[in-house]
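Novice:
Protein chains: 2
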Amino acid sequence: MDKLRIAGHRSVCADSACSDDRTEVECEDCGLDPICMVLDYAGEESGVPEGILVRRRPIERGETLFHKDDLFRTLYAVKSGTFKTLIPHRGRPDQVVGFHLPGELIGAEAMAGEHYPCTARALEASSVCELCLDRLPDAGRPMEALQRSIIELLGKEVAFNHELIGSLVHQSAEQRVAGFLSSLSDRLQRRGMPGTEFILTMSRSDIGNYLGLASETVSRIMTRFQKQGLIRIQRKRISLRAPARLVQVAEG
Amino acid sequence: MDKLRIAGHRSVCADSACSDDRTEVECEDCGLDPICMVLDYAGEESGVPEGILVRRRPIERGETLFHKDDLFRTLYAVKSGTFKTLIPHRGRPDQVVGFHLPGELIGAEAMAGEHYPCTARALEASSVCELCLDRLPDAGRPMEALQRSIIELLGKEVAFNHELIGSLVHQSAEQRVAGFLSSLSDRLQRRGMPGTEFILTMSRSDIGNYLGLASETVSRIMTRFQKQGLIRIQRKRISLRAPARLVQVAEG
DNA sequence: CGCATAATTGACGGTTTTCAAGCACTGTGG
DNA sequence: CCACAGTGCTTGAAAACCGTCAATTATGCG
Chain A
417 MDKLRIAGHR SVCADSACSD DRTEVECEDC GLDPICMVLD YAGEESGVPE GILVRRRPIE
477 RGETLFHKDD LFRTLYAVKS GTFKTLIPHR GRPDQVVGFH LPGELIGAEA MAGEHYPCTA
537 RALEASSVCE LCLDRLPDAG RPMEALQRSI IELLGKEVAF NHELIGSLVH QSAEQRVAGF
597 LSSLSDRLQR RGMPGTEFIL TMSRSDIGNY LGLASETVSR IMTRFQKQGL IRIQRKRISL
657 RAPARLVQVA EG
Chain B
417 MDKLRIAGHR SVCADSACSD DRTEVECEDC GLDPICMVLD YAGEESGVPE GILVRRRPIE
477 RGETLFHKDD LFRTLYAVKS GTFKTLIPHR GRPDQVVGFH LPGELIGAEA MAGEHYPCTA
537 RALEASSVCE LCLDRLPDAG RPMEALQRSI IELLGKEVAF NHELIGSLVH QSAEQRVAGF
597 LSSLSDRLQR RGMPGTEFIL TMSRSDIGNY LGLASETVSR IMTRFQKQGL IRIQRKRISL
657 RAPARLVQVA EG
């Protein structure tokens, strides 16, 4: 596990093609990185087939990465842009189950089953890295290391969801919105992007849908926060003026 | 994977000590079974240490299986009885994050990290099987098979939680309670226990806490359901009179 | 069997949703 | 360059829903 990794993959991302977009994550900050590392390592001695990793495929706004119930073949990492995952309902409006920021994975929930449990759609012009898991060798030591990182990943997802369940169910609308904004801020910052000033690429109704609130409620609460000096919003642009107090509100 | 498994483990549970308690799951219906199978298989060629699997340890009502932040050592399967998992909060009431029925696992969420993310407590006199994972060999092929079943397991947990999030956040109190009762019924039935007539071992406030409702609301809604002929309740004993209509209520 | 605990039921108030209208931004085409 | 339409955001008023408080009843566990 501590072996030297083959050069190449990560250096691709250090070139100009990557750095001219300031909202793009470095590979070091990407959630796919531990897996990429395993693959690099694997290539050294067991000959992982070429072409299992596609870097920087551009995705346009509104484009669908995969549909619910599609056969699971590929794990995605957001390189730039934003995505939402949703569960489509006939008749009723769709159910937003998550947002995916640069550096985060999409499709990890499918890793246990055969099919994607949700649909993934770009909220803006974006780009992704694709890891084609169906081309992976299905035995050997690198596989074990890969499985370890998958387990870790899923475990984090479970923990995050437990947290989320607790939050959403027991918190007031105000707390939910405050928590949502803090969470976005944290996640952006963790991947090396500005965490106090960013664009809400998702609509108010996406946010409301995700938090279990009416879009009007989201709107009202945000203007309330602004009047209290916690944030400043103009349309989709937001800046957190008092992130600490925001956290305080979220925690009651 | 399809090799013959060593006799012994499962036959232990077919004896009289297990069958005189009618609320106990058979090993075949237990969530730990795929893992037990792997271990049996492992024992055949790589010599898994003895004593990693403890069968039928009795747990008394109110007893704590493990506390949040305890070092993760053991994976539990409920053999009989019921457990709740909760996140303790100083000052505020604890947050119930799940109920565990016979045949279901406890502690699986910890498998990715080092510590249990929640506390597990028995709701009644119960018994568990314990799988001491810290005594497992940490390499070799059986490990890979074990990892596969862990991945599958975590994946199901993630899917279940996604479903749960969607439900809790978007459904009314009535829908939540209806869904909760149907879910209990399904889970009991899946493990071979009566699904239309059972005991609600958890209190109304546990249910309310879990669903994000006041215990009074849970109570009111249950009596409402009774008046509508959907269920029949006397304190903790419940029988579902119209399970299909209950599902209908839950789905809106 | 008895007492602490849990469940039920009623009244009231606050929060959030719903419905509805007006406003601001974006992109398009004249 | 501006007018326009489309979409999403904001804001208001009324009603539904659920939580809180409180009193009563039933229970179940030791």
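First to last, the sequence lines map onto chains A and B. Residues 417 to 668 (the numbering used here) are what the first sequence spells out, left to right. Residues 417 to 668 (the numbering used here) are what the second sequence spells out, left to right. Glycine residues also receive a C-beta, built at the ideal position from the N, C-alpha and C atoms.
1. What are the residues that DSSP puts in a beta bridge with R648 of chain A?
2. Using a beta-carbon distance cut-off of less than 9 Å, what residues from the stretch 516-542 of chain B approach chain A?
3. For K500 of chain A, which beta-bridge partners are listed by DSSP?
4. Which residues in the same chain have their Cβ closer than 6 Å to the Cβ of G424 of chain A, if we skip the five residues on either side of it in sequence?
5. By a C-beta neighbour count over all protein chains shown, 10 Å radius and 16 as the cutoff for buried, is L570 of chain A buried or exposed?
6. For Y492 of chain A, which of helix, strand or coil comes out of DSSP?
7. Helix, strand or coil for E667 of chain B per DSSP?
8. Let me check one thing: in DSSP terms, what residues is F641 of chain A bridge-paired to?
9. What residues from the stretch 572-583 of chain A come within 8 Å of chain B, judged by C-beta to C-beta, listed N to C?
10. What separation, rounded to the nearest whole angstrom, lies between the Cα atoms of A660 of chain B and T633 of chain A?
11. For a contact defined as C-beta to C-beta under 7 Å, what are the partners of H586 of chain B on chain A?
12. Assign R473 of chain A to buried or exposed, taking buried as 16 or more other Cβ atoms, counted over all protein chains shown, within 10 Å of its Cβ.
13. Can the beta-carbon of L469 of chain B be found closer than 9 Å to that of C534 of chain B?
14. How would you write the range of the alpha helix (DSSP H) that L627 of chain B sits in, first residue to last?
15. What's the call for L656 of chain B, buried or exposed, on a 16-neighbour Cβ count within 10 Å?
16. Determine the DSSP secondary structure at R473 of chain A, reduced to helix, strand or coil.
17. Under 9 Å between beta-carbons, which chain A residues line up against I503 of chain B? List them in chain order, please.
18. Would a C-beta distance cut-off of 9 Å place V494 of chain B and G608 of chain B closer than the cut-off?
19. Against chain A, does Q605 of chain B count as a neighbour if the rule is that its beta carbon must be under 9 Å from one of theirs?
20. Taking 9 Å as the CB-CB cut-off, is I623 of chain B touching chain A?
21. Is there a Cβ of chain B sitting closer than 9 Å to that of Q563 of chain A, yes or no?
22. Cβ atoms of E525 of chain A and A524 of chain B: under 9 Å apart, would you say?
23. E444 of chain A CB to nearest chain B CB: under 9 Å?
24. Go ahead and pull the three-state DSSP assignment for T633 of chain A.
25. Are there any heavy atoms of the ligand GTP lying less than 8 Å away from the beta-carbon of I567 of chain A, as far as the coordinates show?
26. Can you tell me whether L597 of chain B is helix, strand or coil according to DSSP?
27. Please confirm whether G668 of chain A has its beta-carbon closer than 9 Å to some beta-carbon of chain B.
28. Any contact of the stretch 604-624 of chain A with the stretch 493-509 of chain A, i.e. 3+ C-beta pairs under 8 Å?
29. Examine the Cβ distances between the stretch 571-591 of chain B and the stretch 501-512 of chain B and report whether three or more of them are shorter than 8 Å.
30. Would a check of beta-carbon distances place I567 of chain A closer than 9 Å to chain B?
31. What's the call for G595 of chain A, buried or exposed, on a 16-neighbour Cβ count within 10 Å?
32. Specify, as a first and last residue, the run of the beta strand (DSSP E) that E546 of chain A falls within.
33. At 3 residues or longer, and completely inside the stretch 559-614 of chain B: list those beta strand (DSSP E) runs for me, N to C.
34. Tell me, please, whether the CB atom of R620 of chain A is closer than 9 Å to any CB atom in chain B?
35. Over what stretch of residues does the beta strand (DSSP E) that includes R617 of chain B continue unbroken?
36. In angstroms with no decimal places, state the Cα-to-Cα distance between S588 of chain B and A666 of chain B.
Specialist: Per the coordinate set shown:
1. In the first sequence, the residue the question calls residue 648 of chain A occupies position 232. R648 of chain A is bridged to A:S655.
2. A524, E525, A526, M527, A528, G529, P533, C534
3. Taking the first sequence and counting its residues from 1, the one referred to as residue 500 of chain A is at position 84. A:F515, A:R537, per the DSSP bridge assignment.
4. What you label residue 424 of chain A is simply residue 8 of the first sequence in a count that begins at 1. Caution applies to G424 of chain A, whose pLDDT of 36 falls short of 50 and renders its modelled position unreliable; the model cannot decide the point.
5. For this step, residue 570 of chain A is matched to residue 154 along the first sequence. Buried, because 16 or more other Cβ atoms sit within 10 Å of the Cβ of L570 of chain A.
6. Translated into positions along the first sequence, residue 492 of chain A becomes position 76. Note: Y492 of chain A maps to strand in three-state DSSP.
7. Along the second sequence, read from residue 1 onward, the residue named residue 667 of chain B stands at position 251. Here E667 of chain B sits in helix by DSSP.
8. Along the first sequence, read from residue 1 onward, the residue named residue 641 of chain A stands at position 225. Answer is none; F641 of chain A lacks a bridge partner.
9. K572, E573, V574, A575, N577, H578, L580, I581, G582
10. As a first step, residue 660 of chain B must be located in the second sequence, where it is residue number 244. As a first step, residue 633 of chain A must be located in the first sequence, where it is residue number 217. In a straight line, the C-alpha of A660 of chain B is about 34 Å away from that of T633 of chain A.
11. Against the second sequence, residue 586 of chain B aligns to sequence position 170. The contacting residues are Q511, G628.
12. Here residue 473 of chain A refers to the residue found at position 57 when the first sequence is read from its first residue. Exposed is the call here.
13. Here the question's residue 469 of chain B lines up with position 53 in the second sequence. Here the question's residue 534 of chain B lines up with position 118 in the second sequence. It is not a contact, given that the beta carbons lie outside the stated cut-off.
14. Taking the second sequence and counting its residues from 1, one reaches residue 627 of chain B at position 211. Element bounds for L627 of chain B: 620-627.
15. Here residue 656 of chain B is taken as the residue at index 240 of the second sequence, counted from 1. The residue is buried, with at least 16 neighbouring Cβ atoms inside 10 Å.
16. For the purposes of this step, residue 473 of chain A is taken as residue 57 along the first sequence, with counting starting at 1. Of the three classes helix, strand and coil, the one that applies to R473 of chain A here is strand, per DSSP.
17. On the second sequence, residue 503 of chain B is found 87 positions in, with the first residue counted as 1. Under the 9 Å cutoff, chain A gives H578, E579, G582.
18. Along the second sequence, read from residue 1 onward, the residue named residue 494 of chain B stands at position 78. Along the second sequence, read from residue 1 onward, the residue named residue 608 of chain B stands at position 192. Cβ atoms of V494 of chain B and G608 of chain B: not closer than 9 Å.
19. On the second sequence, position 189 is the one that residue 605 of chain B refers to. For Q605 of chain B, the answer is no, since every Cβ of chain A falls outside 9 Å of its Cβ.
20. If you number the second sequence from 1, residue 623 of chain B lands on position 207. By this cut-off, I623 of chain B is not an interface position.
21. Along the first sequence, one-based indexing puts residue 563 of chain A at 147. Yes - at least one Cβ of chain B is within 9 Å of the one on Q563 of chain A.
22. Counted from its first residue, the second sequence places residue 524 of chain B at position 108. Counted from its first residue, the first sequence places residue 525 of chain A at position 109. Not closer than 9 Å, so no.
23. As a position in the first sequence, residue 444 of chain A is number 28, starting the count at 1. So, not an interface residue.
24. For this step, residue 633 of chain A is matched to residue 217 along the first sequence. In this structure, T633 of chain A counts as helix in the three-state DSSP scheme.
25. The model on display carries no ligand, and the ligand GTP is accordingly not part of it.
26. In the second sequence, counting from the first residue as 1, residue 597 of chain B sits at position 181. Helix, per DSSP.
27. Sequence index remark: in the first sequence, residue 668 of chain A carries index 252 (1-based). Yes, contact with chain B.
28. yes
29. no
30. For this step, residue 567 of chain A is matched to residue 151 along the first sequence. So, interface residue.
31. Residue 595 of chain A sits at position 179 when you count from the first residue of the first sequence. G595 of chain A comes out buried.
32. Start at 1 with the first residue of the first sequence, and residue 546 of chain A comes out as number 130. Per DSSP, E546 of chain A belongs to the beta strand (DSSP E) from 542-548.
33. none
34. Translated into positions along the first sequence, residue 620 of chain A becomes position 204. No, R620 of chain A lies away from the interface with chain B (no Cβ there is under 9 Å from its Cβ).
35. In the second sequence, counting from the first residue as 1, residue 617 of chain B sits at position 201. The sequence shown places Thr at residue 617 of chain B, not Arg. It is not in any beta strand (DSSP E) - T617 of chain B carries neither H nor E in the DSSP assignment.
36. Counted from its first residue, the second sequence places residue 588 of chain B at position 172. Counted from its first residue, the second sequence places residue 666 of chain B at position 250. Using only the alpha carbons, I get a separation of about 9 Å.
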